[in-house]
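Structure (structure tokens):
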């Protein structure tokens, strides 16, 4: 435990000048356009889920919390977290409306589970193994049909919300960290911009 604590302190000291960097015009979603990543790690009796909302290339909110519902499988965990992310996104969209930053298109919520995406997008896709899913969770379908959100598949290796649900090795952690904080986006588009040497 002491070695873990020492490593945490060393990392905190090394990265003390690193924060969050937002950029204009580099985010593929657009300027002042919301996007979101939602993911869950399956465990018993209840799983952890993580949601990260992004704008202009970096995170604006991030949460990681144990679910209040018990899931029967990975796809169920993902749907639970998707519904949490959907509620958060709709709240942010409402707040942005009040700030005259209305979102003209549905907000993308990235998921790395294709079965979960199929269930939330298609009311007719409930099989015998998925009919037990709580209706509170499936209200995210209404938000899709109302044009507020849209689920989009993303590879697990690029799932930023995984930072709140899993432990990673140094390389993958640094990769996702730099996606979260916006540094990798700036480095990719402006390689000569002065950034810390450890940014990947």
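Residue numbers (the working numbering): 586 to 785. Beta carbons are placed, not taken as given, at the ideal position from N, Cα and C, and that holds for glycine.
Candidates the options: closest to residue i by CA position
i: residue 707; options: 679, 619, 724 and 693; result: 724
i: residue 615; options: 688, 752 and 775; result: 688
i: residue 593; options: 745, 755 and 677; result: 755
i: residue 748; options: 763, 628 and 607; result: 763
Backbone secondary structure at residue i - three-state DSSP
i: residue 797; result: What is shown of the chain runs 586 to 785, which leaves residue 797 out entirely.
i: residue 713; result: For residue 713, the predicted structure reports a pLDDT of 49, less than 50, and the residue's modelled location is therefore unreliable. A value from the coordinates is still provided. Looking at residue 713 - three-state DSSP - the assignment turns out to be coil, as it is neither helix nor strand.
i: residue 622; result: strand
i: residue 586; result: coil
i: residue 644; result: strand
i: residue 739; result: coil
i: residue 695; result: strand
i: residue 775; result: coil
i: residue 734; result: strand
i: residue 681; result: helix
i: residue 744; result: coil
Beta bridge counterpart(s) of residue i as assigned by DSSP
i: residue 650; result: 634
i: residue 781; result: Answer is none; residue 781 lacks a bridge partner.
i: residue 593; result: Its beta-bridge partners do not exist; DSSP assigns none.
Residue i versus residue j - alpha carbon distance
i: residue 665; j: residue 610; result: 33 Å
i: residue 651; j: residue 697; result: 19 Å
i: residue 679; j: residue 733; result: 10 Å
i: residue 760; j: residue 753; result: 10 Å
i: residue 669; j: residue 684; result: 23 Å
i: residue 667; j: residue 607; result: 25 Å
Residue i: CB within 6 Å of a non-hydrogen atom of the ligand ATP
i: residue 753; result: Looking at this structure, you won't find the ligand ATP or any other ligand, since it has none at all.
**OP:** Inspect the CB distances between the stretch 623 to 639 and the stretch 588 to 600 and report whether three or more fall short of 8 Å.
**Re:** no
Original post:
Is it a yes or a no for the stretch 639 to 646 touching the stretch 767 to 781, going by three-plus beta-carbon pairs under 8 Å?
Top reply: yes
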